[in-house]
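Visitor: Pasting a structure below so you can have a look.
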Amino acid sequence: MRLEELLEYNDIVIQCHDKPDVDAVASGFALLKYLEGKGKAPKLVYSGQQRIIRGSLHEMITRFEIPLTYVEMQEGKAQLYPEEPGKEAGLLITVDCRAGERNVSALPYRRLAVIDHHMVRDGERLPELHEVRTETDGYASCATVLWAMLREAGYLVEDGILPTILYYGLYMDTQELKTVGKMDRNMLDELKYDMDIVTELQSVNLSLEEIRITGRAYDSLHIDRKHRFAVSQVEPCDPDLLGIVSDELMKVAGVDVGVAYCMLEGKRGAKVSVRCRKKGHNAADLVHWLVRDMGNDGGGALTKAAGRLPEEFLEEACAGDHWDDLSGATGRLIYKLLTDYFEIPPKQIRTGEYAAEKVRDYCGSEAVLYRKKKMPVGYVKATELFPEGEEILIRMLEGDARRKVTPELYIMIGVDGETYHNDEAGLRRNYVLLDEPFLVNSESPWQPKIYRYADRQARLLAPYARKCIAKDGALIWAAQLNCRLEVLTRWGEWHLGEAGDWLASQDADRQDIYIIKKTIFERTYEKKEQI
Numbered sequence: 115m116r117l118e119e120l121l122e123y124n125d126i127v128i129q130c131h132d133k134p135d136v137d138a139v140a141s142g143f144a145l146l147k148y149l150e151g152k153g154k155a156p157k158l159v160y161s162g163q164q165r166i167i168r169g170s171l172h173e174m175i176t177r178f179e180i181p182l183t184y185v186e187m188q189e190g191k192a193q194l195y196p197e198e199p200g201k202e203a204g205l206l207i208t209v210d211c212r213a214g215e216r217n218v219s220a221l222p223y224r225r226l227a228v229i230d231h232h233m234v235r236d237g238e239r240l241p242e243l244h245e246v247r248t249e250t251d252g253y254a255s256c257a258t259v260l261w262a263m264l265r266e267a268g269y270l271v272e273d274g275i276l277p278t279i280l281y282y283g284l285y286m287d288t289q290e291l292k293t294v295g296k297m298d299r300n301m302l303d304e305l306k307y308d309m310d311i312v313t314e315l316q317s318v319n320l321s322l323e324e325i326r327i328t329g330r331a332y333d334s335l336h337i338d339r340k341h342r343f344a345v346s347q348v349e350p351c352d353p354d355l356l357g358i359v360s361d362e363l364m365k366v367a368g369v370d371v372g373v374a375y376c377m378l379e380g381k382r383g384a385k386v387s388v389r390c391r392k393k394g395h396n397a398a399d400l401v402h403w404l405v406r407d408m409g410n411d412g413g414g415a416l417t418k419a420a421g422r423l424p425e426e427f428l429e430e431a432c433a434g435d436h437w438d439d440l441s442g443a444t445g446r447l448i449y450k451l452l453t454d455y456f457e458i459p460p461k462q463i464r465t466g467e468y469a470a471e472k473v474r475d476y477c478g479s480e481a482v483l484y485r486k487k488k489m490p491v492g493y494v495k496a497t498e499l500f501p502e503g504e505e506i507l508i509r510m511l512e513g514d515a516r517r518k519v520t521p522e523l524y525i526m527i528g529v530d531g532e533t534y535h536n537d538e539a540g541l542r543r544n545y546v547l548l549d550e551p552f553l554v555n556s557e558s559p560w561q562p563k564i565y566r567y568a569d570r571q572a573r574l575l576a577p578y579a580r581k582c583i584a585k586d587g588a589l590i591w592a593a594q595l596n597c598r599l600e601v602l603t604r605w606g607e608w609h610l611g612e613a614g615d616w617l618a619s620q621d622a623d624r625q626d627i628y629i630i631k632k633t634i635f636e637r638t639y640e641k642k643e644q645i
């Protein structure tokens, strides 16, 4: 996408993520100046539960009179134009973030665009108007992406406050220029910034109480010398401060991965900030590993990433810990997960990469043809549970799945009460649908349910479940794993399999691959020749 493509729209709104950082505001301001220079009248906004009230970002906004507006929610809806309630943005442009992420409040729009520098998740769908340049491309900040796009549009970033603001955005997003890439260095060479102003902005980074919080965080530091990672428990604090602590962990001798976490107010779980310079690994993958069974709420780039662990999932994951307080148990869980990850790093395979030699590598044997047994399973139409368009979370054995409710989406209930999803075409192709209830064991401690993604409101499936039975001819190819493997399915979700689980692919489409847990496979599948 080129910046010139944005000029055909009116009522343009530039959105920073909730609790914006310096890079987000710097990027948004650069885009604002470009659009204003082209005769547009854009708005620069942010939303969320917390306003900017302190620190170097507040100082930068005040000093340079950056017109960043806080958008309030009224009855759960954002009012972009208070003088015209309900009015949508003609074009909403998210900078340093992407719509749909948990730290990006939903604002009304008719057309959507994205400018970002964070890694694109496998299977993630971007709007038609998008420009994403990541660390792999040499961009460690969104400010650098905007600088490059401005140059490509013939807009000179030479005079005034903009060069200093762009420099400061890069400076703050790269641990004081420690992780800059090729394009970042090009920007640094060309910008005529005022270092005196940058030094002044740095001096208002932390309050006295925040300095005390960081000091106490270092007292809780735990280091794994073998795998060179550190975990630090931080008191409830601003996400920026959490990021500062994780940045500082990277200065500790013998540490290549730093993880700082704090509990969120209102029993909303824990926030995790990750930094990584370990060869062969990246921060986004590590956050994915930490949150994969607890909501999949996380993301980032090669060297820095963040995520959230919802409280209800934390309590479930820490159930055997006999914890005195959830914060301490969370730290032990994070430490255990990281140790597990580095002890046995998972191999990966994506849809489109399935081949016989890969099966032999992961399983030690050839795939064999299997048929699903004629056992009843349950199905529920997603629109019976939540309205169309709502985002939901499906807790599967292989990992959590985040889906948008559509008329074609169905939730399935397996023989052990496990949940997964299917589309209507796949359901009708492979199953005979019966108009009779599917009975769920009410005595089981695990009651199948799905969650609304926004607030984790749970909805039980049992009252809506109907019965279906596999048709003849629904075949899969499967082989038993001899290693830990992550599979990217055609749905854009990562499924984790351990040694003993099964790697499966549909006979009708060998690239439709997924994981089936060992206990489920043995109960529900049989070799074709045994029939």
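Residues 115 to 645 in my numbering are what the sequence shown spells out, letter by letter. Glycine included, C-beta positions come from ideal geometry on N, C-alpha and C.
1) What alpha helix (DSSP H) runs, 4 residues minimum, are completely inside the region 230-316?
2) Please work out which residues of its chain come closer than 6 Å, Cβ to Cβ, to T176, disregarding the five sequence neighbours upstream and downstream, and give them in chain order.
3) Apart from the five residues on each side of it in sequence, which residues of its chain come closer than 7 Å, Cβ to Cβ, to S255?
4) Here's the rule I'm using: 16 or more other beta-carbon atoms within 10 Å means buried, otherwise exposed. How should L447 be labelled?
5) Is it the case that the region 537-548 contacts the region 460-478, given that we only count it when at least three CB pairs across the two stretches are under 8 Å?
6) Just to confirm my understanding: we take P156, look at its own chain, exclude 5 residues before and 5 after, and list those with CB closer than 6 Å. What are they?
7) Can you list, in chain order, the residues of its chain with a C-beta nearer than 8 Å to that of E118? Leave out the 5 residues immediately preceding and following it.
8) Which runs of the beta strand (DSSP E) fall wholly inside the region 499-576 and span at least 3 residues, in chain order?
9) Which residue wins for smallest C-alpha separation from Y123, given the options G372, A203, T633?
10) Let me check one thing: in DSSP terms, what residues is T183 bridge-paired to?
11) Nearest to Y223 by alpha carbon, out of T533, G492, A213?
12) So, for L355: in the same chain, excluding its five sequence neighbours on each side, which residues have a beta-carbon less than 6 Å away from its beta-carbon?
13) Spell out whether any CB of chain D is found under 9 Å from the CB atom of D399.
14) Going by beta-carbon coordinates alone, are V209 and L264 separated by less than 9 Å?
15) Less than 7 Å between C-beta atoms, sequence neighbours within five positions excluded: which residues of the same chain meet that for Y307?
16) Using 9 Å as the threshold, is the C-beta distance between L428 and G383 below it?
17) Should M526 be labelled buried (16 or more other beta-carbon atoms within 10 Å of its own) or exposed?
18) Under 6 Å Cβ to Cβ from L269, same chain only, skipping five residues before and after it: list those, please.
19) A420 and V366 - do their beta-carbons sit closer together than 9 Å?
20) Am I right that A470 and E480 are in contact with their C-beta atoms under 8 Å? What's the rounded C-beta distance?
21) Would you kindly report the start and end of the unbroken alpha helix (DSSP H) that includes D135?
22) Please state if the CB of Y639 and the CB of K486 are separated by a distance shorter than 9 Å.
23) With a threshold of 16 other CB atoms inside 10 Å of the CB of L418, please say whether the residue is buried or exposed.
24) Return the chain-ordered ranges of every beta strand (DSSP E) run that is complete within the region 367-440 and spans a minimum of 3 residues.
25) Taking buried to mean at least 16 other C-beta atoms within 10 Å of its own C-beta, is I645 buried or exposed?
26) Are three or more beta carbon pairs between the region 515-523 and the region 488-505 nearer than 8 Å?
27) Just to confirm before moving on: does the CB-CB distance between L602 and A613 stay below 9 Å?
28) Taking 8 Å as the limit between beta carbons, can you name the residues of its chain near P350, skipping five residues before and five after?
29) Work out the CA separation of K450 and D338 for me, nearest whole Å.
30) Quick check on N555: buried or exposed, where buried means 16 or more other Cβ atoms within 10 Å of its Cβ?
31) Which value, in whole angstroms, describes the spacing of the CA atoms of I180 and V159?
32) Which of the three DSSP states, helix, strand or coil, is assigned to C477?
33) Beta-carbon separation of K563 and V491 under 9 Å?
34) Would you say G151 touches the ligand HEM, meaning its beta carbon is less than 8 Å from a heavy atom?
35) Since A431 and L416 are thought to touch, with beta carbons under 8 Å apart, how far apart are those beta carbons, to the nearest angstrom?
36) In chain order, which continuous runs of the beta strand (DSSP E) of length 3 or greater are located wholly inside the region 586-616?
Guide: Working from what's here:
1) 256-266, 276-287, 296-304, 309-316
2) none
3) D137, H231, G283, L284, D287, T288, D298
4) buried
5) no
6) I126, I128, L146, L149
7) A267
8) 505-510, 513-518, 523-527, 533-537, 545-551, 563-566, 572-574
9) A203
10) V159
11) A213
12) E324
13) Of the chains in the structure shown, none is chain D; there is only one protein chain.
14) no
15) P277, T278, Y281
16) yes
17) buried
18) Checking the sequence, you will find Tyr at residue 269 rather than Leu. The answer, listed in chain order, is Y148.
19) no
20) 7 Å
21) Unbroken run through D135: none, as it is neither H nor E.
22) yes
23) Reading the sequence as shown, one finds Lys at residue 418 and not Leu. Answer is buried; the Cβ neighbour count reaches 16.
24) 371-377, 384-390, 411-414, 418-423
25) Confidence in I645 is poor, its pLDDT being 45 and thus under 50, which makes the residue's placement unreliable; the coordinate value appears in the next sentence. Burial call: exposed.
26) yes
27) no
28) C376, M377, L378, E379
29) 10 Å
30) exposed
31) 11 Å
32) helix
33) no
34) The model on display carries no ligand, and the ligand HEM is accordingly not part of it.
35) Not really, about 27 Å apart at Cβ, beyond 8 Å.
36) 589-594, 599-602, 608-611
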